[in-house]
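When you number the sequence shown by the numbering used here, it's gap-free, plus one each residue, and the end is 257.
Think of the CB as a built atom: it goes at the ideal place given N, C-alpha and C, for glycine as much as any other residue.
Remember, it's a predicted structure, so these values are computed and weren't measured experimentally.
Written out below as structure tokens is the structure these notes cover.
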Amino acid sequence: MPCKLRVHLDGDPPSSPYQHMAGLAKLVLDWLALAAGSGLATAVHDANQPNPYAISPIYPDAGHLWFEVAVLSDPFAAPIRDGAGRYGLDITLGPQRFRMSGIEVSEQASWEQLLGPVRGGRGAMTVRLVTPTAHHAPGPYRKAVVLPAPETYFGTWLDRWNLWSPSAFPGSLMETVRLNVGISACRGQTETVVLDARRRFIGFVGEVTFRLLKPEMVAPEARAALAALARFSSYCGTGVETTRGMGQTREV
Numbered sequence: 006m007p008c009k010l011r012v013h014l015d016g017d018p019p020s021s022p023y024q025h026m027a028g029l030a031k032l033v034l035d036w037l038a039l040a041a042g043s044g045l046a047t048a049v050h051d052a053n054q055p056n057p058y059a060i061s062p063i064y065p066d067a068g069h070l071w072f073e074v075a076v077l078s079d080p081f082a083a084p085i086r087d088g089a090g091r092y093g094l095d096i097t098l099g100p101q102r103f104r105m106s107g108i109e110v111s112e113q114a115s116w117e118q119l120l121g122p123v124r125g126g127r128g129a130m131t132v133r134l135v136t137p138t139a140h141h142a143p144g145p146y147r148k149a150v151v152l153p154a155p156e157t158y159f160g161t162w163l164d165r166w167n168l169w170s171p172s173a174f175p176g177s178l179m180e181t182v183r184l185n186v187g188i189s190a191c192r193g194q195t196e197t198v199v200l201d202a203r204r205r206f207i208g209f210v211g212e213v214t215f216r217l218l219k220p221e222m223v224a225p226e227a228r229a230a231l232a233a234l235a236r237f238s239s240y241c242g243t244g245v246e247t248t249r250g251m252g253q254t255r256e257v
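Here's what the structure looks like:
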């Protein structure tokens, strides 16, 4: 069952919500190693596939701080939460020290709930990209695809659904996306953030509405699958660097 673990911190706010993303990524791996062993943490780190979780930036809230770990697969949720409890309350991220004041499940949805009824008569699906979102373009050089496109967004969500859900969608679903899904509204801008001393990340932030061009030509099971992927995006994120705060997504 996908869920979001919200971690509450006490301490001074970082200079940027993204300042400690490398440290947060290492922290979650440390939690996983404490509860499930270093072998699993190493396997997650070294795997050439999407991670089973996404990590948000650190946000201020009423004098406190928080970040979330959105866990996509049941075998990882309990170890991450258990490992956080074993780690201790004091957390050091770069030059800053924080104290963990709590951890809770802030949101969750069963796979059956994600596959719930399709809303809307014309097959519209809207998502909000909360943090910069981009994809890697194929080719010999590092090149980012920054602007939204149905193939890249639904491709991200489908890959992660098929990797971590108990029942996969057929690969032919991407042909439906290619032929029958367009963008009917897009409002936002590009945003650049500093991920570390050597790297800046540019991505899209804003809202995108995808719409079926010919809803009557799409089988009900395919429409249900596309709607489920849009809901799933709130947990899995979109694009690259989702364990470092990028691609945070909300279904609207």
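| Asked | Found |
| --- | --- |
| Span separating the alpha-carbon of residue 187 from that of residue 131 | 12 Å |
| Rounded C-alpha distance that separates residue 244 from residue 172 | 22 Å |
| Residue 41 versus residue 229 - alpha carbon distance | 35 Å |
| For residue 10, the nearest candidate out of 107, 20 and 123 (CA to CA) | 107 |
| Nearest candidate by alpha-carbon position, reference residue 193, set 133, 160, 247 and 158 | 133 |
| Residue 65 - partner residues in DSSP beta bridges | 70 |
| Nearest-angstrom Cβ-Cβ length linking residue 252 and residue 26, presumed shorter than 8 Å | The Cβ separation is near 12 Å, so there is no contact. |
| DSSP beta-bridge partners of residue 186 | 217 |
| Same chain only: Cβ atoms within 8 Å of residue 85, ignoring 5 sequence neighbours per side | 10, 33, 36, 37, 40, 58, 74 and 76 |
| Check whether residue 182 and residue 155 have beta carbons under 8 Å apart | yes |
| Ordered list of alpha helix (DSSP H) runs contained in the segment 149–210, each at least 4 residues | 155–169 and 178–185 |
| DSSP state of residue 242 mapped onto helix, strand, coil | coil |
| Option in 137, 175, 204 and 43 with minimal Cα separation from residue 147 | 204 |
| Distance CB(residue 238)-CB(residue 248) smaller than 8 Å | no |
| Under the three-state DSSP convention, the category residue 121 falls into | coil |
| Residue 121 classed as buried or exposed, judged by whether at least 16 other C-beta atoms fall within 10 angstroms | exposed |
| Pairwise C-alpha distance: residue 221 and residue 83 | 42 Å |
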